[in-house]
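Following: one structure in structure tokens, then a few remarks.
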Amino acid sequence: MARQESRRLAPDGRLRTVAQGTLRLTRAVAAVTAELGRRVHRYAWPSEHGRPNRAYLRDRLVALPLLAVLAFGALGWAYADVRGDSAYIRERAAPALVDLADARASLLIAHGEAERNLAEGRAAELSGLSERYRTRIARATQSLNQVTRSGALTVAEEQELRVVSALVVDYTGWIGRAQGHATDLVLRDAELTYARSMLCSRAAAATDSDPYPACPAATGSAATSIVDRVTGLEGRLRARLADRAAWGADTIAATVTGTLALALLGTGLWRTVSFLRRRFRIRLSIPLTAAALPLLAVPFLAVDALLALHAQHETVPVADALAERTSPATETVAEERPFAGPEPQAIETLRARIDEGLADGRLAFLDGIAPFVFPTGLVGAAVIAGTLHAYRREYLVVARPGAVA
């Protein structure tokens, strides 16, 4: 019975040991954190009362340059990241999405035109396919080439796009064969059916009200047609665009760190200037004032970054509309009625919305300034360190033996 009772108490003993160890670890971590906080507070916020001038200047000489480097380094990285995301969306991702949507719609319109022309039999064999067919095929080819040159795709996606371009060439070849057998109903329909299977895995039938039906895209191993591959590229590109437009954890951490360091830097510079005026009778330290001037640009950088983030977020639903709401029928209406007003779901209208939103989402006079934020902080840190070092040396030279240090 005694052995059984001791076995029952053993888990409780282990729990008490674990609890005591956790408590000791928590106390040790709290003590270390408090000591670090005290040391940071000593350098970032030293007291002027009861402190020797030499010790105060030494603390300022260490703290202020480090705060300048930390503040401008973190804020410069976060600002460059936001600006870089806007540039990626404006110059790469958005144009690539527009071109992919245009290529998909143009191929579907061209196929509808081919079917209508080939249904005429001998007339199609003699006069050829319509101008709209040739224009749309050329436009789709050009759009695919522009996507390849956009730089928005990965290496694997570029390979897939080359496959798509090769399939488009084969597709036009089968349409040409069907045109050559326009009077032979069996051969023409067989070649046209094969061309349609290359374009769409699940083709929709054309009607009088919708002569250019959209093509539902397949997924998985069955996604082998041209439209399937283009739709897959659109989905991956949209996912990257949405990821760039979202707040990242690293950007948030850098922003918070830089903001805190910037607040401490500004306050520290003000207290240092006040200290020099009271103790050293220096009414205005021109070098320290010059080092503080870049702080005036921070509100403009913050406004510019917020505008850019808002514009990026507004781009995401427009990019979704490019892939999901555009259709050959809408593009045909926009092409046939150019003066009837912009079609809300037309590719050109959505492209203009993206361009205008991203253009309005920044302060134009700050273009190109992002790479200079951190170097400006380094220069400011060097100026602060040099100035305080000079004041400290001057104080040590003029101080008489026995004078208060």
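So for the sequence shown, the working numbering puts the first residue at 1036; every next one is plus one.
Note that the Cβ used here is the ideal one computed from N, Cα and C, for glycine as well.
Check, Outcome
"Separation of A1289 from D1134, as counted between CA atoms", "35 Å"
"Stretch-stretch touch, CB-based, cutoff 8 Å, three pairs: the region 1145-1153 with the region 1114-1131", "no"
"Closest residue to A1230 among V1221, P1406, H1146 (Cα-Cα distance)", "H1146"
"Same chain, Cβ closer than 7 Å to R1127, neighbours up to 5 away in sequence not counted", "S1185, G1186, A1187"
"Contact check, G1392 vs F1107, beta carbons under 8 Å", "no"
"Enclosing alpha helix (DSSP H) for E1155 [first to last residue]", "That residue, E1155, is in no alpha helix (DSSP H); it is neither H nor E in DSSP."
"Whole-number beta carbon distance between L1196 and T1176, since they are thought to touch under 8 Å", "The Cβ separation is near 12 Å, so there is no contact."
"Sub-8 Å separation of D1395 and A1346 beta-carbons", "yes"
"C-beta contact flag for S1178 and S1141 at 8 Å", "yes"
"Cβ contact check for the region 1397-1410 and the region 1321-1337: 3 or more pairs under 8 Å", "yes"
"Environment of P1363 [buried if 16+ CB atoms lie within 10 Å]", "buried"
"Given L1300 as reference, the closest of L1143, A1326, V1204, P1322 once Cα atoms are compared", "A1326"
"Short Cβ contact (8 Å threshold) for S1236 with D1263", "yes"
"F1315, DSSP secondary structure in three states", "coil"
"Contact the region 1216-1226 vs the region 1269-1278: 3+ CB pairs below 8 Å", "no"
"Run of the alpha helix (DSSP H) containing R1388, from where it starts to where it stops", "1382-1395"
"8 Å Cβ cutoff met for Y1426 and F1315", "yes"
"Option in A1225, N1180, L1222, R1223 with minimal Cα separation from V1203", "N1180"
"Residues of its chain near H1424, where Cβ-Cβ distance is below 7 Å and the 5 sequence neighbours each way are ignored", "L1096"
"Same chain, Cβ closer than 7 Å to I1389, five either side skipped, listed in chain order", "A1129, T1350, V1353"
"Burial state of R1435 (16 or more Cβ within 10 Å)", "Since pLDDT at R1435 reaches only 48, below the 50 mark, its modelled position is unreliable, and the value read off the structure follows with that caveat. Exposed."
"Helix, strand or coil at R1095 [DSSP, three-state]", "helix"
"Cβ neighbour criterion (16 or more within 10 Å) applied to W1305", "exposed"
"Beta-carbon gap between P1322 and V1418 smaller than 8 Å", "yes"
"Test item: CB-CB of A1020 and A1358 under 8 Å", "Here the chain has residues from 1036 to 1440 only, and residue 1020 is not among them."
"Neighbour-count burial assignment, L1044, 16 or more Cβ in a 10 Å radius", "Note that L1044 scores 44 on pLDDT, short of 50, meaning its location in the model is unreliable; the coordinates nonetheless yield the value given after this. Exposed is the call here."
"Distance between G1267 and R1386 (C-alpha atoms, nearest Å)", "20 Å"
"V1199 to V1117 span [Cα, whole Å]", "33 Å"
"Nearest candidate by alpha-carbon position, reference Y1206, set A1173, A1191, L1220", "A1173"
"With 16 other Cβ atoms within 10 Å as the buried cut-off, status of V1265", "buried"
"I1404 (DSSP reduced to helix, strand or coil)", "coil"
"Selected residue, minimal CA-CA separation from L1132, among A1090, R1167, R1397, R1273", "R1273"
"Inside the region 1290-1355 only - alpha helix (DSSP H) runs reaching at least 4 residues", "1321-1327"
"Cα-Cα separation, A1298 to N1088", "24 Å"
"Between the CA atoms of A1201 and R1372 - distance to the nearest angstrom", "33 Å"
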